[in-house]
Structures are given as structure tokens and as C-alpha cells.
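Q: To start, I am sharing the structure in question, which I have written as C-alpha cells.
Residue numbers (this note's numbering): 9 to 158.
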């Protein structure tokens, strides 16, 4: 059997894609390493899901702590209206390098009358992907929206 570099890289990336550990807000994934010592650990994501209802039309900033032994390449916030099929992505910004605190915002113009769904994704420098909640994008966090008080 013959493998090309591209197919081997793709096979490794597919084999490394996994999710975090559910809505308990801690995505500690299995710490496996292959015999060559290659990093197969997924980024650890910690996040407290949005509690309660949010206001229609107002920006909503979310925070998460993301850490990885080889370094975090990127963190994204995926969100959609409850009635939408596709998620939109927003890059999260490293707000505190010492603690690995990232912040991302769901823009107010995306916060329509329906509730919202969202999940987080982190990629380390080796291409390992972790998501929160586990099973995202099929599984996601959700919250309701209300009109602002007049």
C-alpha cells in the first residue's frame, strides 16, 4: 500500500479530530501519543455555558480558557439562530496569554427573535481539533432571547 504525504497528513488529521467532554464545561480529551512521540492531544477547552436569556440585538461576548502543551493555533466561536441550518464562525481573541483566556462575540445583528445555538472549537499547532460541547456541531449549547425592556 502506498501513502502520499497529503493522504497520510489527512489520515492523521481525521484520526485526530475529536470533541471535548460535554456541557460540564471541561473538554479534557484523551491524552494519547503514538510511538514516535507525535502530539495527539487535543486542546483543553473550559467554558461556562450561557445561563438564562439574552437580549435581542445586543452583542454577546463569550469567554473560554484554552490550553495545549504544544500551543493553541486558533479558537473559533460558531453560532446560528435557532431557525438556521448553518453556523457562522467568529475567531476568538486571546485576551490573557497567562491563563489562556479567549473571548469572542456574537454580533447583536445576529441575535434575532429566535433562540441561539453555539459551540467552540480549538486547534493546536499540530492540527489536533477539540470542540465543546462534545459532538459539536451536531451537539451545541443554546440560549433564548427576549426583547429589551422599553
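Note that CB positions come from ideal geometry on N, CA and C, so glycine has one too.
Everything numeric in this text was worked out from a predicted model, so none of it was measured.
1) Per the contact definition of three or more C-beta pairs closer than 8 angstroms, is the region 75-90 in contact with the region 121-132?
2) Out of curiosity, what's the CA-to-CA distance linking residue 38 and residue 67?
3) Return the Cβ separation of residue 218 and residue 74 in integer angstroms, given the expectation that the two are a contact with Cβ distance under 8 angstroms.
4) Taking C-alpha atoms, which residue in 93, 62, 70, 92 lies nearest to residue 84?
5) Where does residue 118 fall in DSSP's three states?
6) Please name the residue or residues paired with residue 124 in a DSSP beta bridge.
A: Reading from the atomic positions:
1) yes
2) Because the pLDDT at residue 38 is just 46, under 50, the model does not fix this residue reliably, and the value given afterwards should be weighed accordingly. Taking the straight line joining both Cα atoms gives about 35 angstroms.
3) Coverage of the chain is limited to positions 9 through 158, which leaves residue 218 absent and any answer about it impossible.
4) 70
5) helix
6) 89, 151
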